[in-house]
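>
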Amino acid sequence: MVTESAVSPGGYVPPAVDIRALAELLDGEYSEVRTLVRANLATYAGVLDEAERLGFDEFRERVREVVVEMAATGQTGMGFPKKYGGGGDVGASIAAFETLAFGDLSVLVKVGVQFGLFGGAILQLGTERHHEAYLPRLITGELMGCFAMTETGHGSNVQALGTVARYDADSGQFVITTEGDAACKDYIGNAARHAELAVVFAQLEVGGERKGVHAFVVPVRVDGAVAPGVRIEDDGRKMGLNGVDNGRIRFDGVRVPREALLNRFADVTPEGVYQSPIDNPDRRFFTMLGTLVQGRVSVAGGAINASKVALTIATKYGNRRRQFEAASDGEEQVLLDYGMHQRRLLPLIARTYALHFAQDVVRTQLHDVFSGIDDDERARRELEARAAGTKALGTWHATRTIQECREACGGAGYLAVNRFAALKADSDVFSTFEGDNHVLLQMVAKGLLTHYASEFENMDQLGMVRYVTGLAVDTVIEKTSVHKLLERVRDLLPGGDEWDQEAGLFDSEYQLAMLRFREEHMLAGLARRLKRGMDQEKHPGVVFSQVQDHVIAVAHAHVERLVLEAFVDKVRQLPPDGSGGGEGENKAALALLCDLFALSTIEADRAWFMEHGRLTVQRSKAIHREVNDLCRRVRPIAEDLVDAWNIPPQMLRSPDLVG
5 MVTESAVSPG GYVPPAVDIR ALAELLDGEY SEVRTLVRAN LATYAGVLDE AERLGFDEFR
65 ERVREVVVEM AATGQTGMGF PKKYGGGGDV GASIAAFETL AFGDLSVLVK VGVQFGLFGG
125 AILQLGTERH HEAYLPRLIT GELMGCFAMT ETGHGSNVQA LGTVARYDAD SGQFVITTEG
185 DAACKDYIGN AARHAELAVV FAQLEVGGER KGVHAFVVPV RVDGAVAPGV RIEDDGRKMG
245 LNGVDNGRIR FDGVRVPREA LLNRFADVTP EGVYQSPIDN PDRRFFTMLG TLVQGRVSVA
305 GGAINASKVA LTIATKYGNR RRQFEAASDG EEQVLLDYGM HQRRLLPLIA RTYALHFAQD
365 VVRTQLHDVF SGIDDDERAR RELEARAAGT KALGTWHATR TIQECREACG GAGYLAVNRF
425 AALKADSDVF STFEGDNHVL LQMVAKGLLT HYASEFENMD QLGMVRYVTG LAVDTVIEKT
485 SVHKLLERVR DLLPGGDEWD QEAGLFDSEY QLAMLRFREE HMLAGLARRL KRGMDQEKHP
545 GVVFSQVQDH VIAVAHAHVE RLVLEAFVDK VRQLPPDGSG GGEGENKAAL ALLCDLFALS
605 TIEADRAWFM EHGRLTVQRS KAIHREVNDL CRRVRPIAED LVDAWNIPPQ MLRSPDLVG
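Residue numbering for the sequence shown follows our numbering, beginning at 5 and increasing consecutively.
1) Please classify G59 as buried or exposed, where buried requires at least 16 other C-beta atoms within 10 Å of its C-beta.
2) Quick check: the Cα distance between I236 and G149, rounded to an integer number of angstroms?
3) From the DSSP secondary-structure annotation, give me the bridge partner or partners of A152.
4) So, is G545 buried or exposed, given that buried needs 16 or more other C-beta atoms within 10 angstroms?
5) Quick one: what does DSSP say A169 is sitting in, helix, strand or coil?
6) I'd like to know if the segment 224-244 and the segment 263-274 are in contact, where contact means that at least 3 CB-CB pairs between them fall below 8 Å.
7) Would you give the residue range spanned by the beta strand (DSSP E) that F220 belongs to?
8) How far does the beta strand (DSSP E) with F178 in it extend, from its first residue to its last?
9) Looking at the secondary structure, which residues open and close the alpha helix (DSSP H) in which D53 lies?
10) Name the DSSP beta bridge partners of K189, please?
11) Thinking C-beta only, is H401 closer than 8 Å to R367?
12) Is the distance from the Cβ of Q369 to the Cβ of R636 below 8 Å?
13) Going by Cα to Cα distance, which pick from Y171, T39, P640, D553 is closest to F338?
14) Less than 8 Å separating the beta-carbons of V41 and S110?
15) Where do the N-terminal and C-terminal ends of the alpha helix (DSSP H) with E541 fall, by residue?
16) To the nearest angstrom, report how far apart A187 and V558 are at their CA atoms.
17) Cα-Cα, which of D633, N441, A195, Q207 is closest to V303?
18) What are the residues that DSSP puts in a beta bridge with D379?
19) Please identify the residue among Q407, L165, E524, R141 whose C-alpha is closest to the C-alpha of E200.
20) Report yes if the C-beta distance between L52 and D93 is below 8 Å; otherwise report no.
21) Does the beta-carbon distance from F63 to A75 come in below 8 Å?
22) Could you work out which residue in V179, A195, L139 is closest to K87 when comparing CA atoms only?
23) Are the CB atoms of I556 and L387 within a distance shorter than 8 Å?
24) Within 10 angstroms of its Cβ, does G211 collect 16 or more other Cβ (buried), or is it exposed?
25) Is the distance from the Cβ of L427 to the Cβ of A642 below 8 Å?
26) By the DSSP assignment, the alpha helix (DSSP H) with D372 in it spans what residues?
27) Taking all protein chains shown into account, decide if V230 is buried (16 or more other Cβ within 10 angstroms of its Cβ) or exposed.
28) Do V234 and V248 have their C-beta atoms closer together than 8 Å?
29) Which one or two residues does DSSP pair with R259 in a beta bridge?
30) If you draw a straight line from the C-alpha of L645 to the C-alpha of P652, how long is it?
31) If you compare alpha carbons, which of R423, V638, E564 is closest to M655?
32) Quick check on DSSP: helix, strand or coil for G499?
33) Is the segment 178-195 close to the segment 158-167, with three or more CB pairs under 8 Å?
34) Could you tell me the alpha carbon to alpha carbon distance between E336 and P18, rounded to whole angstroms?
35) Under DSSP, the beta strand (DSSP E) around D238 begins and ends at which residues?
36) Got a sec? Which residues, its chain only, sit under 7 Å from R533 by beta carbon, not counting five neighbours each side?
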């Protein structure tokens, strides 16, 4: 697309983006899957209007109808085995979910609850008897279910759940009981109206002895009526996602057969003997939860794609809306030609591209682990940590981006037809479901500090503190993967004015070295603080609490480094600029975005880099200037870059904003 700013006064000619080729690159190996989902989104585009027009109960029913009809196309069952009617491709199921986030997010979350959480728990935690009994009808949407893990009083602390499942050997049944108000299953999607079954997470008790949290299939409705012994309350209206029927569930001595235990990792014999191939209860618990990591990968991808919708609308609006005379010809200037407007939107486009490629890495890891291609213990631990970190950064990015885009569209952005009202309300919860982001980043930091050691699963926060303080600080650093990546860092970052002027800002090795240095320095600092606290004989819990801000900071720095690496790797894989054709031009465009992401990331934390001797004042100012210049260079191709996301026009709505 040629704009009035296609050639800058300095003679800069932007790359000629091949939108179709770039769209194919972004869709990757799952192009056919994404095409199917886009077609379904267009078919059911009316649900965006129905979200505003229909009543509360009517819209819930409409969302259920849309989900079931989409299931009939095969879109939602791709991650299930073919023998039960699925597609047998875990990566394809994530790609489908990501693409669905271009549309109504109630539909997205309903799909996630039914096929990702409920269906995923039965698939990953159950065995063949559960698969045969439930998966065929679950995949079609005929059998609706819910995922009853979260409790009112326990939130992210799943190991402390208060619901109890006691085995009664005389009857061969488990008795499910909610012990106190804090143990109510709460905020459970599908519970208030549609679920027939619930996968219930409860403390298993056999012969009076607790065996930890396990999962059970429990009927919550029979022929449409709430099952005996089950009490369900409607959570009512929420900030958003009102097409999803969230509810609160209590169990008053509900009896289920012994076979209701999802027994992939543990079982109970008819006589009441507990059996498990994993002896350590903590390791068993984390192994069980690790199989459910698909939810976090899905939420990250959904958040990133919701950001794309907001940015597409705001960029197109900024490229056509004029305000104030800024040129001598008397015509008002296009918003996107203002430097501040570029500053507001274009680094967010760059960061969205970076997160897109980081999500590609996580999706591939998930597929490889769950398909058995790379399924060892360490690969699973690294997947869990990377999924947690990408989910945190991706969902925070969505919240920030949607708000900025709303403001960038002025009063028009406040109109419901322009999608920002729904995007803001419906995506806000992404930061706290599938794990609160701060809790998830603590898990990332634990993996870094312990190098995913064999003891990783057994460690709570106190155990982690004791483990780390039992090592020399240098050992902590040497054991982490980041240390291996830092072999060139000290050569690139020796410090001093001479280096400061010589190192190239647009050298990806320099950019990566800066983020690697920050990560290593923060990690070493955290290890020293932990060790100092323990040397002073403080309680490990107090020590951890006092350094919690450092824990979050090092995890954030680690994930940001992984995101940049994913972007740099993707750009390097493309044919060279001089190869001719669209590929070379697209590589140049992506290289611009990669530089913009890297330098704006360094700029955002330049106080830290200056405090730690890695930026002089002059260098800091130079980075600020280069970010401005990169925005000017990206500006002529901004609309091409958002068009390459290939969002169905019906999903943008916003007729007065996008044209």
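Backbone N, C-alpha and C fix where the C-beta goes; we use that ideal spot for every residue, glycine too.
Based on what the coordinates show:
1) Label assigned to G59: exposed.
2) Their backbone Cα atoms lie some 14 Å apart in a straight line.
3) Beta bridge pairing from DSSP links A152 with V204.
4) Label assigned to G545: exposed.
5) DSSP places A169 within a strand segment (E or B) once states are collapsed to three.
6) The segment 224-244 vs the segment 263-274: no contact.
7) Segment 213-223, the beta strand (DSSP E) holding F220.
8) Element bounds for F178: 177-182.
9) Start and end: 51-57.
10) In DSSP, K189 forms a bridge with E155, I253.
11) Contact: no.
12) Contact: no.
13) For the record, residue 338 in the displayed sequence is Val; it is not Phe. Of the candidates Y171, T39, P640, D553, the one whose C-alpha sits nearest the C-alpha of V338 is P640.
14) For the 8 Å CB-CB criterion, V41 and S110 do not form a contact.
15) E541 -> no alpha helix (DSSP H), and no H or E assigned at all.
16) Per the coordinates, the alpha-carbon of A187 lies some 33 Å from the alpha-carbon of V558.
17) Taking only the C-alpha atoms, the option nearest V303 is N441.
18) None, per the DSSP bridge assignment.
19) It is R141.
20) In this structure, L52 lies away from D93, with their beta-carbon atoms at least 8 Å apart.
21) It is not a contact, given that the beta carbons lie outside the stated cut-off.
22) The shortest Cα separation from K87 among V179, A195, L139 belongs to L139.
23) L387 places its beta carbon 8 Å or farther from that of I556.
24) The residue in question, G211, is exposed, as its Cβ has fewer than 16 Cβ neighbours within 10 Å.
25) No. Outside cutoff.
26) Note, D372: alpha helix (DSSP H), 343-374.
27) Per the 10 Å Cβ criterion, exposed.
28) The Cβ-Cβ distance between V234 and V248 does not fall below 8 Å.
29) Bridge partners of R259: V179.
30) For L645 and P652, the distance between alpha carbons rounds to 15 Å.
31) Checking every option, the nearest Cα to that of M655 belongs to R423.
32) Only weak support exists for where G499 lies, its pLDDT of 49 falling under 50; the value from the coordinates is given anyway. In the structure shown, the three-state DSSP call for G499 is coil.
33) In short, these stretches touch, since the Cβ pair count reaches three.
34) Linking E336 to P18 through their CA atoms gives a straight-line distance of about 24 Å.
35) Its beta strand (DSSP E) spans residues 234-238.
36) Contacts found: V551, H554.
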